[in-house]
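Participant: Mind having a look at this structure? Questions to follow.
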Amino acid sequence: MKSNDEHYTPFELPVTGIDGVRLALCRIAPGHERGTRRRRESKAVQRLLDYFGFSESDYRHSASGAPYIKDSALHISVSHSLDYAAMAVSLQPGIGVDIEQLRPAQLQRVASRFLSGREQAEYSTPDLLLWAWAAKEAIYKAAAIPGLSGPEIELESAFCRVASVEDKYFRLSTLYSVDYCCVVALCNNDANT
């Protein structure tokens, strides 16, 4: 019989098109017991912290809720989905990651809350809705602009590699599998790079 610890093995994935960013995922052990979800997510994040050499005691959250590592020059972003936790690490500030799993009915129901009118028409399939949600969540985390809403984050085209919000530019890297869609965003502040 498998122990639950075997489910919590981080693995690193390539981040294409964004230099200096590392990304690792960790599967969250399945569980059906009521009230255990947060504990299982925390264990996956602990394993990711270990993977990157961070001490769990130095893992903190800012007043806005953004994770950071106390007294570290590295910047992190964390995300959870039903089956995975993700952590992106960068020397540069303005990092965001989001990992999502396909849930077409739920995304369709909330599409008007995170997509502009043009995007609602353009991103109408389940795969495109999933990508748009993950991309906007990653950009939202990287932008760190209080009060920013989903429709204000305008995506130029599906699976675009650069996006902008206000006067900030973001490089995007997408990892799409049958299990998840993971998007990493890094604030670049230069539209040409």
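For what it's worth, my numbering labels the leading residue of the sequence shown as 13, then goes sequentially. Glycine is no exception: its CB is placed at the ideal position from the N, C-alpha and C atoms.
(1) DSSP puts Arg34 in a beta bridge; with which residues?
(2) If we ignore side chains and look at the alpha-carbon of each, how far apart do Lys180 and Ala156 end up?
(3) Taking all protein chains shown into account, decide if Cys193 is buried (16 or more other Cβ within 10 angstroms of its Cβ) or exposed.
(4) Is Pro163 closer than 9 Å to Ser128 when the C-beta atoms are compared?
(5) Buried or exposed: Cys172, going by 16 or more other Cβ atoms within 10 Å of its Cβ?
(6) Can you tell me where the alpha helix (DSSP H) holding Ile151 begins and where it ends?
(7) Find the nearest neighbour of Glu131 within the set Val122, Ala144, Arg52, Cys199, judged by alpha-carbon distance.
Facilitator: The structure says:
(1) Val101
(2) 11 Å
(3) buried
(4) yes
(5) exposed
(6) 138-155
(7) Ala144
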